[in-house]
Amino acid sequence: MKKPYRKRYILFEIISDSKFRDNLIDISIKNAVKELFGTFGLSEANPKLLTELSKGNKHVLQVDHRCVQKVKVAMATIKEINKKPIIFKTIKVYGTLKKIKEVIK
Amino acid sequence: MFWDFWIEEFDEKLLQKLGFEGACVFGEAKGRKIKILKGEKIIAKNGNELKKKTKSRADFLMLTNTKERLQRIAIKRCLVDGVHGFVKYPLIKEMAEKNIAVVISFNDLLKSKEPQKTIAKMKQTIKLAKKYKTPIVIVSGAKNKWELRGTSELIAFGEILGLQRNEAKKALYEFQDKIAERQKLKKEGKYVMPGVKIISKD
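Respectively, the protein sequence lines represent chains V and A. Residue numbering for the first sequence follows the working numbering, starting at 45 and increasing by one per position. Residue numbering for the second sequence follows the working numbering, starting at 1182 and increasing by one per position.
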């Protein structure tokens, strides 16, 4: 039987001239999801930045499997962090932590 | 091969990084690794101005007026290749017959003061376009390089608006490839008119 809530891991890259702290990125993603899909959408997607897997400009975001597209669009609506222009680029979506750890290494 | 069919500032490296292999630039551009088409936005106040402006030699002509009267003139006379904005019922059907695309820009969502209304109108347009099989083109509509978005994001945007995954992917290459092919034929002197091309001169 399939689990009703399955996780997906979005590996994304931040294209910008400056670097940002993980908590800033996490907050801006959550704000973007909330702004576009509301509190209900945010609770459904439940995005969570896995800070232990961050490496340089590359980060991993854990989301619900039904909301991957929504979160991608929400991330794309983020224009700037700390008034510095930014582009979020999704690299790939993975289904397991094991696989994403292999890729990051 | 994915195209971004509406960008105003060209950055070859960034476009490649974002997964594009071609772009339609509404401005000046020089690139070696990416296919470039020249686009032109058409904004007109009346029918006469519209006709004058559509005589341009750009590869891709896009009407950005939201006035229904001007949209009707452009579509009925086949003056443009794409219409940006929200197109209503009888026109969208005619667009399908004349192979004119609906252009959905991600930048509209970025710049919108009322994103809920923008998304609703986009959804409505896409629903009609799907029903009448009108070509759909999803673009980033970037005015500068920081407004560019990746292929994956634009596909997700299409899915959010009601397209299936394969349809959203097609919105990034299908119509664009046809325009590129048409331009190639024009350069070789083999293009006559829509549906007519010279195969051999013997």
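Every residue gets a Cβ at the ideal spot worked out from N, C-alpha and C, and that includes glycine. Quick caveat: nothing in here was measured; it's all calculated off a predicted structure.
When DSSP states are grouped into helix, strand and coil, A/F1241 belongs to the strand group. For A/L1329, the chain V residues whose C-beta falls within less than 8 Å of its own C-beta are I131, listed in chain order. Legend: CB atoms of the segment 1267-1298 of chain A lying less than 9 Å from CB atoms of chain V belong to residues F1287, L1290, L1291 and P1296. Rounded to whole angstroms, the Cβ separation of A/E1209 and A/K1324 is 14 Å, and the two are not in contact under 8 Å.
Within the segment 102-140 of chain V, complete beta strand (DSSP E) segments of at least 3 residues are found at 102-108 and 131-138, given in chain order. One finds K133 in chain V with Cβ atoms closer than 7 Å to the Cβ of A/L1199, taken in chain order. In this structure, A/A1204 sits away from A/E1221, with a CB-CB distance that is not shorter than 8 Å.
Relative to A/K1326, the option among V/E146, V/E124 and V/K99 whose CA is nearest is V/E124.
Within chain V, no C-beta atom comes nearer than 7 Å to that of A/S1237; the closest sits roughly 31 Å away.
Note that the C-beta distance between A/I1317 and A/F1338 is not below 8 Å. Of all residues in the segment 1195-1222 of chain A, only L1195, K1198, L1199 and G1200 come within less than 9 Å of chain V when Cβ atoms are compared, listed by chain position. Straight across, the Cα-Cα distance linking V/L68 with A/K1298 is about 29 Å.
V/K128 is positioned such that its CB atom lies closer than 8 Å to that of V/D61. In this structure, the beta-carbon distance from V/A76 to V/K114 does not fall below 8 Å.
DSSP places V/F56 within a strand segment (E or B) once states are collapsed to three. Between V/Q106 and V/K51, the gap from beta carbon to beta carbon is short of 8 Å.
When CB distances to chain V are screened at a threshold of 7 Å, the residues of the segment 1326-1350 of chain A falling below it are W1327, L1329, R1330, G1331, S1333, E1334, A1337, F1338, E1340 and I1341, in chain order. Neighbours of V/V117 in chain A, taken as residues at a C-beta separation under 8 Å, are given in chain order as E1334, A1337, F1338 and I1341. In the displayed model, A/L1218 falls within a strand according to three-state DSSP. Our two residues, V/K92 and A/I1336, have alpha carbons roughly 22 Å apart in a direct line.
Here V/F84 is exposed. Its C-beta has fewer than 16 other C-beta atoms within 10 Å. V/A120 is a Cβ neighbour of A/F1287, given a cutoff of 8 Å.
The DSSP-derived three-state label of V/K92 is strand.
Remark: C-beta atoms of A/L1196 and A/L1231 do not approach each other more closely than 8 Å. In terms of Cβ geometry, A/F1201 and A/I1217 do not form a close pair [threshold 8 Å]. At a cut-off of 8 Å, the C-beta of V/T121 has a neighbouring C-beta in chain A. Taking 4 residues as the shortest admissible run, the segment 1299-1366 of chain A contains the following complete alpha helix (DSSP H) segments, listed from N- to C-terminal end: 1332-1341 and 1346-1351. The residues K1378 and I1379, in chain order, have a CB closer than 6 Å to that of A/K1371 in the same chain once the five nearest residues on each side in sequence are set aside.
Its Cα nearest to that of A/A1301, the residue A/G1343 stands out among A/K1365, A/G1343 and A/T1235.
V/Q106 does not reach chain A, its nearest Cβ partner there being about 17 Å away, counting only Cβ pairs nearer than 9 Å. At a cut-off of 8 Å, the C-beta of V/K114 has a neighbouring C-beta in chain A.
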